[in-house]
Amino acid sequence: LALYVAKGAGKNRWRRYQNHLHSAMVERLELRSALDHAVNEGHFVLHYQPIVKLAGDDVVGFEALVRWDHPTRGIIAPDQFIEVAEESGLIVPMGRWVLDQALHTVAQWWRILPRVRRPYVSVNVSVRQFRQQGFVDQVRASLEFAGVPPHALMLEITETLLMGDDEKIWTDLATLRDLGVKIAIDDFGTGYSSLGYLRQRPIDVLKIDKMFIDDMLGDTQQLALVSGIVSLAQSLGLTVVAEGIEDARHKRILTRLGCPLGQGYFYSEPMEATEALSWLRNPIPV
Ligand code: C2E
Ligand code: CA
Ligand code: CA
Ligand code: CA
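The opening position of the sequence shown corresponds to residue 14 in the working numbering, with each subsequent residue numbered one higher.
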């Protein structure tokens with residue numbers, strides 16, 4: 014602000030600036046209260062995106078991705094509201110709904126499908142949820158309520174969450190993993206963290222961020238990074254999911270690098286639960 018004034022911005026410009034600030038704030042408050050309402054009314058829906066074995070195209074799991082099902086505006090993507098949900102703390106009740114809904118859906122699939130076709134469901138979990146007292150117990154209770162075993166669930170934690178080295182998060186993750194829940198590091202490679210944490214930590218899966226896959230084709234250094242992540246994971250006994258596979262070239266290169274699993278529009282966009290189920294029953298046309 015001082016800078017603004019010092020620059021000698023005229024009175025009008027200052028006013029415009031204030032108005033702009035004001036309307037941004039109002040917009041945020043409105044969004045927050047609408048989101049609060051949506052949480053109370055359960056105006057959300059989950060879409061599911063397959064996680065596929067690159068060799069053979071079998072589906073091993075589905076990532077659950079939340080959408081706001083707005084009564085007048087229709088489906089709203091998470092990048093429009095997750096940030097406000099995080100800031101306001103609404104991510105906690107919303108995240109609880111997401112977990113229960115995803116487990117409810119996977120339980121339905123498991124009842125219908127033969128053992129070899131049963132996928133896990135992968136749920137994104139935010140920092141705020143993890144800091145809640147009793148999060149581990151809540152996950153355990155939700156699994157029991159849905160009636161699925163822990164290996165039907167994977168939790169995705171973004172790498173940045175783990176950067177502040179908060180031992181409690183690691184203890185909680187270890188407890189969940191001991192139960193049989195799979196733990197994935199999401200957006201791996203974007204957190205600029207030291208790789209040291211990967212050793213001896215309760216982790217099963219690294220999800221390579223889409224950004225790396227995007228640039229891999231034209232950029233040999235980026236390709237080297239992806240290749241490096243894949244071999245690093247292998248030597249640590251972790252599995253890898255490449256995100257954002259959009260075409261056959263992505264798939265071909267990743268397969269050649271030995272990347273076991275992938276996810277992206279090439280296989281399918283996130284889809285409704287019923288559509289995902291028919292996918293599971295009639296494996297893939299690619
Ligand atoms: P994410 O966890 O990295 O999820 C992957 C995003 O990439 C999804 O966007 C997905 O639709 C999109 N995607 C998948 N394949 C492709 C592809 O081939 N090309 C392109 N361009 N995009 C692809 P979406 O569904 O909009 O979700 C955005 C972010 O919102 C997620 O990123 C995640 O961070 C957050 N999010 C979504 N659902 C939840 C949730 O239930 N809880 C929390 N805490 N965060 C969520
Ligand atoms: Ca994710
Ligand atoms: Ca991701
Ligand atoms: Ca991402």
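All C-beta atoms in this analysis are idealised placements derived from N, C-alpha and C, irrespective of residue type, glycine included.
Excluding residues up to 5 positions away in sequence, L116, H117, A120 lie with their Cβ nearer than 7 Å to the Cβ of A159 in the same chain.
The criterion of a C-beta distance shorter than 7 Å is satisfied by P273 and T252. Ranked by Cα distance from R144, the first of V105, D217, T233 is V105. Measuring C-alpha to C-alpha distances from A187 to each of G275, I216, E172 identifies I216 as the nearest.
Secondary structure of Y280 (DSSP, three-state): coil. Neighbourhood of ligand 2, defined by CB distance below 6 Å to any of its heavy atoms: E76, N137, E169, D199, in chain order. Here the distance from the Cβ of K24 to the nearest heavy atom of ligand 3 is not below 6 Å. Non-local C-beta neighbours of A255 in its own chain, meaning closer than 6 Å and more than five positions away in sequence, comprise I221, I226, L267, C272, G275, ordered along the chain. Collapsing the DSSP output to three states places V73 in a strand.
Boundaries of the beta strand (DSSP E) around T171: 166-171.
Secondary structure of V140 (DSSP, three-state): helix. DSSP places G241 within a helical segment (H, G or I) once states are collapsed to three.
Ranked by Cα distance from L208, the first of I196, L236, A246 is A246. Taking a cut-off of 8 Å on C-beta distances, the segment 27-38 does not touch the segment 228-248, as fewer than three cross pairs fall below it.
Secondary structure in the segment 61-141: the beta strand (DSSP E) runs of 3 residues or longer, each lying completely within the stretch, are 72-83, 87-89, 133-137 in chain order. The beta carbon of G277 lies closer than 6 Å to those of G257, I258, E259 in the same chain, with the five residues before and after it left out.
With a threshold of 6 Å, the Cβ atom of K220 counts as near ligand 3, since some heavy atom of the ligand is closer than that. The beta strand (DSSP E) runs lying completely inside the segment 171-253 and spanning 3 residues or more are 195-201, 218-221, given in chain order.
With fewer than 16 other beta carbons inside 10 angstroms of its own, N32 counts as exposed. Taking the Cα positions, T85 is about 13 Å away from F57.
Following the DSSP letters along the chain, one finds I266 inside the alpha helix (DSSP H) bounded by residues 261-270.
Shown here, V161 sits in coil according to DSSP, grouped into three states, outside any helix or strand. Per DSSP, the continuous alpha helix (DSSP H) segment holding Q31 begins and ends at 24-54.
Exclusion of Y133 from the 6 Å shell around ligand 1 follows from its C-beta lying no nearer than that to any non-hydrogen atom of the ligand.
The segment 128-138 and the segment 163-173 touch, with no fewer than 3 CB-CB distances between them shorter than 8 Å. Residue nearest to L156 within the set G193, D179, Q213 is G193 (criterion: CA-CA distance).
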